[in-house]
Structure formats: C-alpha cells, structure tokens
Amino acid sequence: MLKRYLPVSLIGMALLAVGAVGAIADRDESNPPGADQPQITAIEPDAKQSMAVLREKRSAGDALRDDLAGRMDRRASFGLNPDLSRLAIKNATYSVYVIPAHGHVCATLTDPEGAGIICPPTDDVVKGQVGPATAGLQTGGVAIYGMVPDGVDSVSVQTGASESIDVVTERNAYYTVTPSGTPLRTVRYVGPSGPVEFPIHDPALTFEGN
Amino acid sequence: MMHARARLALLALIACTAVGVLVPAQADALVSYYNCVNKPAFQWCDGRANGSFDGLHSWDYNEAWNPGSGSFTVCEGLYWPATGTWIGVPSCGTNWVGHYYGVQTCACLEVNIHHQAGSSKSINGFADTDW
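As given, the protein sequences belong to chains A and B, one line each in that order. Per our numbering: the first sequence = residues 1 to 210. Per our numbering: the second sequence = residues 1001 to 1131.
Structure representation (structure tokens):
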C-alpha cells in the first residue's frame, strides 16, 4: 500500500516544496516593507506616550478627507489606520496629519489632489530621530515637514550659506515652505537622545539618468 | 473501494494545493515593482525602464524605499512624459516615502524614484492603480 501511494505523495511533497520556495521568493526585498501589516485598531502605547497629539481625544476635525482616507485604507502601509488620524497643522492648501501605524507613526502632507506620506519607526519618534520630509510644490517652493516627540518646541531649517529658519512645532509636527530657489541644507533639532541633523534637498533637484 | 476514495481525496488535496501555489494571487489593481541597483544620487529610476510592468499607466500610488541598511533620503514622483510635467508634487523622506495621488485616468504616466545619498545606492519602488 505504501508503495502504491508513494509516487502520489512524492508529487504532493514536491508541489508543496515549490510553493514554499515561491512564498519565500515573494517576500524578497522587492516587496514594499510595510505592505503585509494588518491595519491597527488602536494607537500603540509607545506612540501615545511620546506624542501628546495622539493622547488627545479625536474630534471630527482630525479626520482626513473621505477620498483620501479610502485610498489609505486600500493601501495601508505599515498597518496605518486613517480612522485614528490627528490633524497637527492646518493650512489653506496643505495640512499635516499624524496617523498611527503598526510599530510606526506616519505623517502625511495633504494637498488638494492627494498626499505624500512618511512612516518612520515609532522607536525613532520616541528618540527624536525622525528625518524631515520634503515636497516640491507647483509654485517652485519646497514644503518641509516632519514629526517630533513631546518636548521639542522648535526645529531649525538651515538654508543658504549660514541662514536658518526657526519653525515652531505644533501638535508634535512642523511645517514650513521655502521659496523657489532657496538653497536647502539641513533640519536640526534637539530631541530626547540629543541633537540631530538631517540633510534636505529639493525633490525636483535631479540629474539626467535612468 | 476505500483505497480508491482515499487516493481520490489525496489527489484532490494535491490539485488544490497546486492551484493555490502555482497560480499567483490576482490583485484588483495593476501593480508595478521596480528597482535600481547602485544608482547614482539624484538620478531618476523609473518603472518603465526598470520595472516588472513595462509601460505607462494611470498610476495613483507610488512608493520608494531603501532596501538595504543605513539611512538616506529617498524620493518619488509621477511623471507625464508627453507633457514633460510632474503630477502633483514629488516628495522625499528618510528610507521610505509614499504618495497617494488623486485618481488618474490617463494611461500615460511614468512612476519614478531617486535617492539623495552621498554615494550610489540601490533603491526600490512600487506603484499601483485602481484603474
């Protein structure tokens, strides 16, 4: 009997082995890093502890536009949940929201059409080691935004040879726009783990190549 | 008889496994994975030349990330070659950045990524469209 089933069993095992290899291949570095995370249903304690904006009761004004929230639900990187968003900085055209995720906290800069988003690990947020995000605006200016933990009241945007702009943080976030043609250097601030400095460039500043 | 049933059940199990394993999951949306190895800084790496999907489409989400170690700035953008313009605003972040674009209906767009590290780096991109 064993002899009769052996060929069939061997074929079955071979197929399973192929499947296992395929599954491993699917998880190579080509996969977006936060693609497989389930959406969180509650803000994680570490994030809440280090960001006052996430400890505040969520109000109607904290909600993202419906169309954008829907797209984020469909493509919820790092398990982000737009239903847990908090509005940090509101502007006429661009606004910054903080969105909790799984082991990450996201900051999104919304524009009339869509939104750019960064999702640094929560550990980096807690330590005050989150780099800024930039967005090249239609006006030619560059929007600079990011997140900071509690206790960081301002960040310094270094421009030109020696100029700097002090940007006051609001609800654990910062946002500023530099005019077109402004040379960009770094963003600095002093977080819980000490001073940090991150280079910034105009997103549209590129050279030819493919 | 019993052996025949057992054999049939085993074959059915194997067939189901084979179908589940060998036929890739079909997503609702068209997706593109693309990457550039040891790419110089500030040079766009596009999904048309370097991707699994070789063509222009109505992309409405684009993502760039650092697949390796260390920390550097990665950027993404949605380019319309016919007009030489960018859709929305190209954006950058440290090691990972994503962008939800408004609904795009023109199958004419090219997804791009680049990095801003001090030396050549590998970068990966991912894009999808609901259309």
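Note that CB positions come from ideal geometry on N, CA and C, so glycine has one too.
Cut-off 7 Å between Cβ atoms - residues of its own chain near residue i, not counting five sequence neighbours on either side
{"i": "Ser1091(B)", "result": "Cys1075, Glu1076, Val1097, His1099"}
{"i": "Ala204(A)", "result": "Gly136"}
{"i": "Phe1042(B)", "result": "His1114, Gln1116"}
{"i": "Glu170(A)", "result": "Ala88, Ile89"}
Closest Cα partner of residue i within the set the options
{"i": "Asp1046(B)", "options": "Asp1128(B), Glu1110(B), Ser1122(B), His1115(B)", "result": "Glu1110(B)"}
{"i": "Ala63(A)", "options": "Arg74(A), Leu84(A), Lys48(A)", "result": "Leu84(A)"}
{"i": "Arg75(A)", "options": "Ile117(A), Arg55(A), Leu54(A), Val130(A)", "result": "Ile117(A)"}
{"i": "Pro1081(B)", "options": "Gly1088(B), Cys1108(B), Gln1104(B)", "result": "Cys1108(B)"}
{"i": "Ala35(A)", "options": "Asn1112(B), Trp1086(B), Asn1062(B)", "result": "Asn1062(B)"}
{"i": "Arg86(A)", "options": "Val96(A), Pro45(A), Phe78(A), Thr169(A)", "result": "Val96(A)"}
{"i": "Gly128(A)", "options": "Glu163(A), Cys106(A), Pro192(A), Ile89(A)", "result": "Pro192(A)"}
{"i": "Asn1095(B)", "options": "Gln1104(B), Ser1069(B), Gly1084(B), Ser1119(B)", "result": "Ser1069(B)"}
{"i": "Ser1058(B)", "options": "Ser1032(B), Ile1123(B), Phe1042(B)", "result": "Ser1032(B)"}
{"i": "Val126(A)", "options": "Met72(A), Asn172(A), Val187(A)", "result": "Asn172(A)"}
{"i": "Tyr145(A)", "options": "Tyr174(A), Thr169(A), Pro195(A)", "result": "Tyr174(A)"}
{"i": "Ile40(A)", "options": "Pro32(A), Met72(A), Ala52(A)", "result": "Met72(A)"}
{"i": "Gly1055(B)", "options": "Gln1043(B), Val1089(B), Cys1106(B)", "result": "Cys1106(B)"}
{"i": "Cys106(A)", "options": "Gly79(A), Lys90(A), Arg58(A)", "result": "Gly79(A)"}
{"i": "Pro1040(B)", "options": "Asn1124(B), Ser1120(B), Ala1127(B)", "result": "Ser1120(B)"}
{"i": "Trp1044(B)", "options": "Gly1088(B), Leu1078(B), Tyr1101(B), Gly1118(B)", "result": "Leu1078(B)"}
{"i": "Pro121(A)", "options": "Thr108(A), Ala47(A), Pro32(A)", "result": "Ala47(A)"}
{"i": "Gln138(A)", "options": "Gly1125(B), Gly1088(B), Tyr1101(B)", "result": "Gly1088(B)"}
{"i": "Tyr1101(B)", "options": "Trp1086(B), His1114(B), Pro1067(B)", "result": "Trp1086(B)"}
{"i": "Gly194(A)", "options": "Asn31(A), Ala52(A), Pro149(A), Thr206(A)", "result": "Pro149(A)"}
{"i": "Val190(A)", "options": "Pro32(A), Thr206(A), Ser154(A)", "result": "Ser154(A)"}
{"i": "Pro32(A)", "options": "Gly1084(B), Pro1067(B), His1114(B)", "result": "Pro1067(B)"}
{"i": "His104(A)", "options": "Met147(A), Arg58(A), Ala143(A)", "result": "Met147(A)"}
Three-state secondary structure (DSSP) of residue i
{"i": "Val152(A)", "result": "coil"}
{"i": "Thr176(A)", "result": "strand"}
{"i": "Gly22(A)", "result": "Legend: pLDDT at Gly22(A) = 37, less than 50; position of this residue unreliable, value from coordinates given subsequently. In the structure shown, Gly22(A) sits in a helix (DSSP, three-state: H, G or I)."}
{"i": "Leu84(A)", "result": "helix"}
{"i": "Ser1058(B)", "result": "coil"}
{"i": "Lys127(A)", "result": "helix"}
{"i": "Arg171(A)", "result": "coil"}
{"i": "Gln49(A)", "result": "helix"}
{"i": "Thr122(A)", "result": "helix"}
{"i": "Phe78(A)", "result": "helix"}
{"i": "Leu54(A)", "result": "helix"}
{"i": "Cys1108(B)", "result": "coil"}
{"i": "Gly1118(B)", "result": "coil"}
{"i": "Phe198(A)", "result": "strand"}
{"i": "Gly160(A)", "result": "coil"}
{"i": "Ile40(A)", "result": "coil"}
{"i": "Glu1076(B)", "result": "strand"}
{"i": "Gly1098(B)", "result": "strand"}
{"i": "Ala115(A)", "result": "strand"}
{"i": "Leu1022(B)", "result": "Reliability of the predicted coordinates at Leu1022(B) is poor, the pLDDT of 39 falling under 50, and the value obtained from them is presented with this limitation in mind. If DSSP states are grouped into helix, strand and coil, Leu1022(B) belongs with the helices."}
{"i": "Ala1029(B)", "result": "coil"}
Beta strand (DSSP E) segment containing residue i, residue limits
{"i": "Leu109(A)", "result": "105 to 110"}
{"i": "Asp62(A)", "result": "Neither: Asp62(A) is in no beta strand (DSSP E) and is coded neither H nor E."}
{"i": "Lys90(A)", "result": "Per DSSP, Lys90(A) belongs to no beta strand (DSSP E) and is neither H nor E."}
{"i": "Asp1128(B)", "result": "1121 to 1129"}
{"i": "Phe1072(B)", "result": "That residue, Phe1072(B), is in no beta strand (DSSP E); it is neither H nor E in DSSP."}
{"i": "Ser30(A)", "result": "Here Ser30(A) belongs to no beta strand (DSSP E), and DSSP marks it neither H nor E."}
{"i": "Asn1066(B)", "result": "Unbroken run through Asn1066(B): none, as it is neither H nor E."}
{"i": "Ser1091(B)", "result": "1085 to 1094"}
{"i": "Val1103(B)", "result": "Neither: Val1103(B) is in no beta strand (DSSP E) and is coded neither H nor E."}
{"i": "Ala133(A)", "result": "133 to 136"}
{"i": "Ala143(A)", "result": "142 to 147"}
{"i": "Thr186(A)", "result": "184 to 191"}
{"i": "Leu205(A)", "result": "Taken as a continuous stretch (DSSP letters only), Leu205(A) belongs to no beta strand (DSSP E), as it is neither H nor E."}
{"i": "Pro100(A)", "result": "95 to 100"}
Integer-rounded CB distance, given that residue j should sit under 8 Å from residue i
{"i": "Asp111(A)", "j": "Thr93(A)", "result": "7 Å"}
{"i": "Phe1053(B)", "j": "Gln1116(B)", "result": "Contact flag wrong, Cβ pair sits at about 26 Å."}
{"i": "Gly136(A)", "j": "Asp202(A)", "result": "6 Å"}
{"i": "Val157(A)", "j": "Val167(A)", "result": "6 Å"}
Residue range of the unbroken alpha helix (DSSP H) whose run includes residue i
{"i": "Met72(A)", "result": "66 to 74"}
{"i": "Gly1047(B)", "result": "1047 to 1050"}
Contacting residues, own chain, Cβ-Cβ under 8 Å from residue i (five flanking each side not counted)
{"i": "Thr159(A)", "result": "Ile165, Thr178, Thr182, Pro183, Leu184, Arg185"}
{"i": "Ile43(A)", "result": "Leu54, Leu84, Pro100"}
{"i": "Asp124(A)", "result": "Val130"}
{"i": "Arg65(A)", "result": "Thr110"}
{"i": "Asp1130(B)", "result": "Asp1028, Ala1029, Asp1060, Val1103"}
{"i": "Asn91(A)", "result": "Tyr175"}
Cut-off 6 Å between Cβ atoms - residues of its own chain near residue i, not counting five sequence neighbours on either side
{"i": "Ala69(A)", "result": "Pro82"}
{"i": "Gly131(A)", "result": "Phe198"}
{"i": "Ser180(A)", "result": "Gly140, Gly141"}
{"i": "Asp1128(B)", "result": "Ala1029, Val1031, Tyr1061"}
{"i": "Phe1126(B)", "result": "Tyr1033, Glu1063"}
{"i": "His102(A)", "result": "Gln37, Ile40, Phe78, Gly79"}
{"i": "Ala1049(B)", "result": "none"}
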